[in-house]
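Some notes on the structure that comes next.
Protein chains: 2
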Amino acid sequence: MNILLIEDNRTLAKSLERVLKQEGHTVEYAWNGTDGLHLWRTRADHLDLVISDVMLPYLDGLSLCKTIREENIQTPVLFLSALGETHQRVEGLRSGGDDYLIKPFSMDELLARVDALLRRPRARVPDLLALGTDITLSLENNSVTLAGKEVLLTPMEFRILAYLAQHKNMTCTRGQLLENCFEHSKDQWSNSLEVHIKNLRRKLFSKQHACSLQTVRGIGYKMATE
Amino acid sequence: MNILLIEDNRTLAKSLERVLKQEGHTVEYAWNGTDGLHLWRTRADHLDLVISDVMLPYLDGLSLCKTIREENIQTPVLFLSALGETHQRVEGLRSGGDDYLIKPFSMDELLARVDALLRRPRARVPDLLALGTDITLSLENNSVTLAGKEVLLTPMEFRILAYLAQHKNMTCTRGQLLENCFEHSKDQWSNSLEVHIKNLRRKLFSKQHACSLQTVRGIGYKMATE
DNA sequence: CGCAATTCTGAAGATTTCCTGAAGAATAGG
DNA sequence: CCTATTCTTCAGGAAATCTTCAGAATTGCG
Chain V
0 MNILLIEDNR TLAKSLERVL KQEGHTVEYA WNGTDGLHLW RTRADHLDLV ISDVMLPYLD
60 GLSLCKTIRE ENIQTPVLFL SALGETHQRV EGLRSGGDDY LIKPFSMDEL LARVDALLRR
120 PRARVPDLLA LGTDITLSLE NNSVTLAGKE VLLTPMEFRI LAYLAQHKNM TCTRGQLLEN
180 CFEHSKDQWS NSLEVHIKNL RRKLFSKQHA CSLQTVRGIG YKMATE
Chain E
0 MNILLIEDNR TLAKSLERVL KQEGHTVEYA WNGTDGLHLW RTRADHLDLV ISDVMLPYLD
60 GLSLCKTIRE ENIQTPVLFL SALGETHQRV EGLRSGGDDY LIKPFSMDEL LARVDALLRR
120 PRARVPDLLA LGTDITLSLE NNSVTLAGKE VLLTPMEFRI LAYLAQHKNM TCTRGQLLEN
180 CFEHSKDQWS NSLEVHIKNL RRKLFSKQHA CSLQTVRGIG YKMATE
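Quick mapping for you: the protein sequence lines, in order, are chains V and E.
The first sequence runs 0 to 225 under numbering that gives the first Met the number 0.
The second sequence runs 0 to 225 under numbering that gives the first Met the number 0.
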């Protein structure tokens, strides 16, 4: 696992690095907030965990984490801090942190908490999604191609398709779709969804594919691929 | 979000429940280890978080959590305990816990930690139920496969099958089935149930299997596996 | 064996859910 | 302010599903 360590105390950093490497992790290191931010941003795809001090030169850990979270980067974060007051710990978690460890701590506890954070499955969203053999969908530029040719979708249609594609072969309830793609609340009814589904079918699934947009009666819809 | 609270101190439990509900969560409650285990197992699909005391009557929190993890259920767990020694906290995390909060704690911190645990993407456990050797049923996809091939069930059929599968090798009374799968009240009669059972048998149990849908005369039905 | 209670089965009617086309409402861009 | 695009609503009809019913089959028991 890849861990980014942001800590200005070089001595502590060294020993943390040693211990983590012993556990089989690879460790990258930044000694201040701005360097940390840069590394985190650029390497986010490869990182499995960030361990960050709260008090750092140039940019403190909490602001750093807030910034990152606003960029929709979800790498788990373990904060280290000598500030152990409840309100300080709460603030750490509210800033987007996943755990908060008070200095001084034992290496055993650190490793246990690191394990707990690494154990949970990551939700890494790939950029290009393939549906069957000839439908491709790029989340980044909001575009869809069918057999190599671009198909124009309305924003709403794209949101719905993207949601279904990200959950392909799972049944998505009408509630999920309404909540995630519309501003509606979960349990509200709107025929609108069905109209968009119809249009998606017309634009993308009119012919036989290795992929189809199925309705699951009484529940919702499912993007089925082979 | 759905939270299961396992705590034997009724006073503490009550106030936790109140605070969590204020935050918009729904709370289920168990006051001892064995009840907790049962609730957790059976409702795992709907639970988003478990908050559990460590010292509990009948079955302590750590063993409880280990058992659940061995069953491949990944619901996040927050342990509460008065035992705040490092080695005890480490043990909690090693047992499959995700966080460990030491009593007494402030409600603020509890809520922050609950938020942190709920915020992270859910473990997508393919909640697959196996019946015999060749029937598999996925609650998430609302789908059933027989010898690898998908079998299409109606919503009602699926609900009934799922209920029986989740209680396999137990006799389910007609009352249970009516109450859980239909909108009927417990003691109402409806031939409808039998019709659905018939259709399930036709679709899934027509051949000899390691699994059969038996009728228990005068009581109800049983999903029997070997 | 014969009877009564219970369950099974097929088909038809009732109900729910979904699809579709078109028209009205909202929104953005010029 | 006008236009083009997109979104939502509505209503009719189609399709899938659920329930009911009546007769047949099965089971348990004296």
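For every residue, glycine included, the Cβ atom is placed at its ideal position computed from N, Cα and C.
None of the values given here were measured: they were computed from a predicted structure.
Exercise. For V53(E), go through chain V and note every residue whose CB falls closer than 9 Å to its CB, in chain order.
Key: None at all; the shortest Cβ gap to chain V is about 15 Å.
Practice problem: Determine, using beta carbons only, whether G91(E) and P56(E) come nearer to each other than 8 Å. | Solution: no
Practice problem: Please determine if the segment 132-141 of chain E and the segment 97-106 of chain E are in contact, where contact requires at least 3 C-beta pairs separated by less than 8 Å. | Solution: no
Exercise. Determine whether the Cβ of G131(V) lies closer than 8 Å to any Cβ atom of chain E.
Key: no
Quiz prompt | Contact list for the segment 81-92 of chain V against chain E, Cβ threshold 9 Å | solution = T85, H86, R88, V89, E90, G91, L92
Practice problem: Can you grab the Cα-Cα spacing for the pair E108(V) / K167(E), in whole Å? | Solution: 41 Å
Quiz prompt | Secondary structure of D98(V), DSSP reduced to three states | solution = strand
Quiz item: Quick one: what's got a C-beta closer than 7 Å to R112(E)'s C-beta in the same chain, skipping five residues either side?
Solution: Cβ neighbours of R112(E) within its own chain (closer than 7 Å, five residues either side excluded): L77, D98, L100.
Practice problem: With a threshold of 16 other CB atoms inside 10 Å of the CB of S191(E), please say whether the residue is buried or exposed. | Solution: S191(E) comes out exposed.
Quiz item: Counting only beta-carbon atoms, is A111(V) nearer than 8 Å to chain E?
Solution: Yes, its Cβ sits closer than 8 Å to a Cβ of chain E.
Quiz item: Of all Cβ atoms in chain V, is any one closer than 8 Å to the Cβ of M0(E)?
Solution: no
Quiz prompt | Whole-Å CB distance - L19(V) paired with A29(V), under 8 Å assumed | solution = Not really, about 15 Å apart at Cβ, beyond 8 Å.
Self-check item: Within chain V, partners of G96(E) - CB distance below 8 Å
Solution: In chain order: A115.
Quiz prompt | Residue from K202(E), E182(E), L11(E) with nearest C-alpha to E149(E) | solution = K202(E)
Quiz item: Which residues, in order along the segment 145-174 of chain V, keep a beta-carbon less than 8 Å from a beta-carbon of chain E?
Solution: Within the segment 145-174 of chain V, those residues whose Cβ lies closer than 8 Å to any Cβ of chain E are, in chain order, N168, M169, T170.
Quiz item: Does any residue of chain V bring its CB to less than 8 Å from the CB of D107(E)?
Solution: The beta carbon of D107(E) falls within 8 Å of a beta carbon belonging to chain V, placing the residue at that interface.
Quiz item: Is it buried or exposed for T74(V), if we count other Cβ within 10 angstroms and need 16 for buried?
Solution: buried
Quiz item: Anyone know if the C-beta pair for L199(E) and I134(E) falls short of 8 Å?
Solution: no
Quiz item: For G147(E), is the classification buried or exposed, using 16 other Cβ atoms within 10 angstroms of its Cβ as the cut-off for buried?
Solution: exposed
Self-check item: K221(V) burial status per 10 Å Cβ neighbour count (16 or more: buried)
Solution: It is buried - the Cβ of K221(V) has at least 16 other Cβ atoms within 10 Å.
Quiz item: Is the segment 10-27 of chain E touching the segment 164-180 of chain V in the sense that three or more CB pairs, one from each, lie closer than 8 Å?
Solution: no
Practice problem: Compare the Cα-Cα distances from L130(E) to each of V194(E), S211(E), K65(E) and report the closest residue. | Solution: Residue S211(E) is the option with its Cα nearest to L130(E).
Practice problem: Could you confirm whether any beta carbon from chain V is found closer than 8 Å to the beta carbon of R42(E)? | Solution: no
Practice problem: Taking all protein chains shown into account, decide if D44(V) is buried (16 or more other Cβ within 10 angstroms of its Cβ) or exposed. | Solution: exposed
Practice problem: Leaving out five residues on either side along the sequence, give the residues of the same chain with a beta carbon under 6 Å from the beta carbon of T144(E). | Solution: T135
Quiz item: Within 8 Å (strictly less), CB to CB, does R119(E) reach chain V?
Solution: yes
Quiz item: Between L3(E) and the ligand ATP, is the CB less than 7 Å from at least one heavy atom?
Solution: Of ligands this structure carries none, so the ligand ATP is not represented either.
Quiz item: Does the Cβ of R88(V) have 16 or more other Cβ atoms within 10 Å, making it buried, or fewer, making it exposed?
Solution: buried
Self-check item: Beta-carbon contacts of G26(V) that lie in its chain and below 7 Å, excluding the five residues immediately before and after
Solution: Note on identity: in this sequence residue 26(V) is Val, with Gly being the wrong assignment. Taken in chain order, the residues that qualify are I2, L4, E16, L19, K20.
Self-check item: Contact with chain E by G217(V), beta-carbon distance below 8 Å
Solution: yes
Exercise. Measure from the C-beta of N71(E) to each C-beta in chain V and report whether the shortest distance is under 8 Å.
Key: no
Quiz item: If you run the structure through DSSP and keep just helix, strand and coil, what is T144(E)?
Solution: strand
Practice problem: Look at the alpha carbon of L48(E) and the alpha carbon of T41(E), and state the distance between them as a whole number of angstroms. | Solution: Distance between the alpha carbons of L48(E) and T41(E) is about 14 Å.
Quiz item: Just reading off the beta strand (DSSP E) that N267(E) is part of, what are its end residues?
Solution: The structure shown does not extend to residue 267(E), since chain E spans only 0 to 225, so no value can be given for it.
Quiz item: Beta-carbon separation of V53(E) and S14(E) under 8 Å?
Solution: no
Practice problem: Using alpha carbons as the reference points, say which of E193(E), T132(E), Q187(E), G174(E) lies closest to E156(E). | Solution: E193(E)
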